[in-house]
Amino acid sequence: MAQLIKQGALAADTWTTLTLAEGETPDTVALPAGDVIFPLAVWLARKNEIVSCHKRIGLLLQADDKVEDAAADLDYFVVIAINFPKFVDGRGYSTAALLRQRYHYQGELRAVGDVLHDQLFFMQRVGFDSYALKDGKDAVYAIDQGFSPFSATYQGSTDQPEPYFRRRTA
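Under numbering that gives the first Met the number 0, the residue at position 143 of the sequence shown is numbered 142, and the numbers go up by one with no gaps.
This is how it looks when you write it as structure tokens:
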């Protein structure tokens with residue numbers, strides 16, 4: 000089970016992520032009770048049913064999912080988990096930046112999948128605020144070393160919109 004880092008500390012994960020088993024479709028999968036993170040395909044197929052049965056709803060976006068497909072529904076989601084299928088796949092960074100900057104999503108953005116301590120600083124810069132570390136990784140080390148490998152950043156980003164040269168002269 001992945002270790003969850005939230006607000007710079009280890010946290011208990013109260014959410015269950017719905018996964019489709021072989022042969023299941025978004026229309027036929029059983030919807031679990033409680034705090035559930037639903038894949039985008041399930042959300043799109045059964046939105047009304049999910050809203051009527053769940054008070055706290057999460058959304059799982061895969062690397063090839065389009066943010067635009069859920070943009071009108073962002074107010075429903077307490078957490079949006081963005082999957083990083085491989086360490087070298089950076090599409091999740093763009094998804095997070097779109098959610099924060101273009102769509103002004105204010106809820107929890109969670110990085111899941113192949114998440115390593117080397118990525119935490121950059122994930123935080125684009126708007127992630129919780130991280131489910133890959134199994135077998137040292138969460139204490141990640142918290143200690145992952146968020147501050149650099150003393151200053153030069154380019155603007157979600158966490159600091161002003162570039163360094165503007166901050167320096169202000």
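All C-beta atoms in this analysis are idealised placements derived from N, C-alpha and C, irrespective of residue type, glycine included.
Query	Result
Beta carbon proximity, T24 to chain D, threshold 8 angstroms	Chain labels in this structure do not include chain D; a single protein chain is all it has.
Stretch pair the stretch 153-166 + the stretch 16-29: three plus CB contacts closer than 8 angstroms	no
Proximity below 8 angstroms, CB of A44 to CB of P31	no
Beta-carbon separation (whole angstroms), A141 vs H103, contact threshold 8 angstroms	Wrong, their Cβ atoms sit about 28 angstroms apart, outside the cutoff.
Proximity to E67 [Cα-Cα], best of I56, L97, V50	L97
Spatial neighbours of V120 in its chain, beta-carbon cut-off 8 angstroms, leaving aside the 5 residues before and after	Here the sequence assigns Phe to residue 120, which means Val is not the residue at that position. The answer, listed in chain order, is G145, F146, S147, P148, F149.
The beta strand (DSSP E) enclosing V78, as first and last residue numbers	76-83
Cβ shell of D113 (< 7 angstroms), same chain only, five flanking positions each side left out	F83, P84, K85, F86, K133
Candidates S93, E161, D72: closest to I81 by CA position	S93
Where E107 falls: helix, strand or coil (DSSP)	strand
Rounded separation between L60 and D12 - CA only	18 angstroms
Proximity of A138 and I4 at Cβ, strictly below 8 angstroms	yes
Same chain, Cβ closer than 6 angstroms to R55, neighbours up to 5 away in sequence not counted	D34, V77
Beta-carbon proximity of A131 to R99, cut-off 8 angstroms	no
Close-in-space but distant-in-sequence residues of the same chain around F127 (CB under 6 angstroms, 5 per side omitted)	A95, L108, A110
Collapsed DSSP secondary structure at F37 in the structure displayed	strand
Beta bridge counterpart(s) of S129 as assigned by DSSP	K5, R109
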